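Let me begin by presenting the structure, written as structure tokens, before commenting on it.
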Amino acid sequence: MWNTLATLFPSFMTSSSPEHATRVEEGYEVKDDRRSLKRESTRPERNGRKAKRKQLSEDISSGLTETAEAACHDQTRETNAVLDGNDDENGESDEHDHDHSTINTFDNARRDRLHIDELTRKLKAVELYSEQLDQQLQNSKRQRWDAGREIRALKESERKLTLELDSAQRRGEECILSHQRQTSELQLIKGELRRVEAEYVVTRQLLDERTTELKAAHTFINQADSLSGADVISMVSSLNAEILQCAAFVADSSDFSHGPTQTEANILQARENATQVLGEDIVDALFSQRPADAADFDPTRVQIALQVCMASYCSRVIQDWSVNGGKSTWLAEVYSRLWDAETQPVAGRWRSMTRAYIKGKQDSDNMLTRLVHALADIMVVAGCSLEDAYSNAFYARFQERLSMVVDLTIRLRTAIGENITSMDLLPYIFDPRTDFDPNLMADTYEDERDSDRSHRVNEKVAGTTELGLMRRTKGQAGFVDSVLLKPKIILYSALQEDINDAH
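Numbering-wise, the sequence shown is residues 1 to 503 according to UniProt numbering.
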């Protein structure tokens, strides 16, 4: 078919053959990038090529029709010529030959017509194939254009990524340089830090040494007291009130009938021990009232004796450097010399620190035991049986009340000895047979007796029933004492009157 078309239309077949289409496609592939960039400018050219192909198809159809008609005319002329020749030559031709010739002519014309129809069908197939090729070409061009656009987008992305990569590389190089620079600076800082730490250690050691020295100096320089004089006076008053209640409770709760186990030796030993604490006047008063009938016994003098005993004992415990008394008298001598030579703050701080470190954990137990023994001697002198006075039952019965007295005494001892350094506070009592001085002391029964009698200077003191408080400070000519709280005493005359009234 292609050969016949090439014979009839050589120019068309040259431009429409498959080889030419392939070359055209290759040419388009070579120029794809350029034409894709000029798609809008080449649209008229593509439309012209399409019109040219349509025109060629019409030419082919027209040419085939003309060829067939020319062949029919030639065949007819030949037939007519044969017929005319036979007429001229023979005049009458054979009818059989004439029919035969006519049949051949018509056969030839029919074959030519069939050939033309075949060519027409093939031409339409060629046109259809051409349109398919054109559609494929357009699709290929569209795909190539889309691919080119994607390629351009990818190239643009590649360009941007390349720029970003370059920027990242530059930043990475800058980070490396910065890291190196910071590493160098860090090494310098570490070296400086080690040097500063070494200096800090030396400075810290020096600071600790200076702090220790300063604390030691501050201990003696600080003049501030943690308690005031009014606080201490309140504590003394609380102790006196507890002593009074405890003495009254013990006197009212005891049996003072002559016990069968009392012997002369026991009584003499008890009187000797009680005299060391109370003095002869109160001991004689207690012993002289030993009644034959316990129902008529008045425990008032026993209460007074117990008060004097506990007040004297508490005063001694508060002043002594140790609860054990005589074992620490040398400390009192050292403090006396220090007080004379140094300032009050220095002497006061020395006293405070010394008392804080020499006290023991068992001081309250030892003090309670010694106090119970002293009270037991008084109870025997007053007429209590040995079984009641020296037994564990006596200790257990009054332990709670006596423990309260001991606790208050230890608190007062700590307040006076450790918490007050700007001055010396001392418990204030008077020994038996001291002359009565209303400026320094107060009569226990002053409100119950004639007020003029309580101010007589020739009266003698039998004992101290309530503790007083005295302040001692350094003066130009020595120490200066001032009474903060007057102690309460029992006069000897009042004690004798109570004895006479009882008899």
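For every residue, glycine included, the Cβ atom is placed at its ideal position computed from N, Cα and C. Because the structure is a prediction, the values reported are computed rather than measured.
Nearest CA to the CA of residue i: which residue from the options?
i           : options            : result
residue 299 : 320, 247, 278      : 247
residue 469 : 478, 489, 428      : 428
residue 384 : 130, 237, 411, 302 : 302
residue 215 : 472, 115, 353      : 353
residue 282 : 415, 382, 192, 111 : 382
residue 235 : 171, 410, 196      : 410
residue 320 : 425, 369, 284, 278 : 425
residue 345 : 473, 304, 113      : 473
residue 347 : 494, 133, 334, 119 : 334
residue 484 : 404, 366, 476, 237 : 237
residue 404 : 365, 201, 379      : 365
residue 458 : 493, 487, 477      : 493
residue 408 : 240, 332, 359      : 240
Look up residue i in the DSSP assignment and give the residues it is bridged to.
i           : result
residue 427 : 469
residue 474 : 479
residue 464 : 489
residue 298 : Answer by DSSP bridge pairing: none, since residue 298 is not bridged.
Look up residue i in the DSSP assignment and say whether it is helix, strand or coil.
i           : result
residue 284 : helix
residue 442 : strand
residue 32  : Its pLDDT being 47, under 50, residue 32 is placed unreliably in this model, and the value from its coordinates should be taken loosely. Residue 32: helix per DSSP, three-state reduction.
residue 484 : strand
residue 320 : coil
residue 112 : helix
residue 166 : helix
residue 225 : coil
residue 340 : helix
residue 437 : coil
residue 390 : coil
residue 384 : coil
residue 279 : coil
residue 458 : coil
residue 564 : Past the boundaries of the shown model lies residue 564; the chain is included only from 1 to 503, so the question cannot be answered.
residue 21  : With a pLDDT of 42 at residue 21, under the threshold of 50, the modelled position of this residue cannot be trusted, and the question is left open.
residue 255 : coil
residue 359 : coil
residue 504 : Given that the chain is displayed from residue 1 to residue 503, the structure contains no residue 504 and the question cannot be resolved.
residue 409 : helix
Does at least one heavy atom of the ligand ATP sit under 7 Å from the Cβ of residue i?
i           : result
residue 255 : You won't find the ligand ATP in this model; it holds no ligand whatsoever.
**Stretch pair the segment 390 to 397 + the segment 435 to 444: three plus CB contacts closer than 8 Å** = no
**Prompt:** With a cut-off of 8 Å, do at least 3 Cβ pairs link the segment 261 to 270 to the segment 331 to 340?
**Reply:** Output reads no: the segment 331 to 340 does not touch the segment 261 to 270.
**Prompt:** Given 8 Å as the limit, is there contact between the segment 305 to 325 and the segment 461 to 473, that is, 3 or more CB pairs closer than that?
**Reply:** yes
**Prompt:** Three or more C-beta pairs closer than 8 Å, one from the segment 363 to 383 and one from the segment 271 to 286: is that the case here?
**Reply:** yes
**Asked** So, do the segment 412 to 422 and the segment 225 to 232 have three or more beta carbon pairs nearer to each other than 8 Å?
**Response** yes
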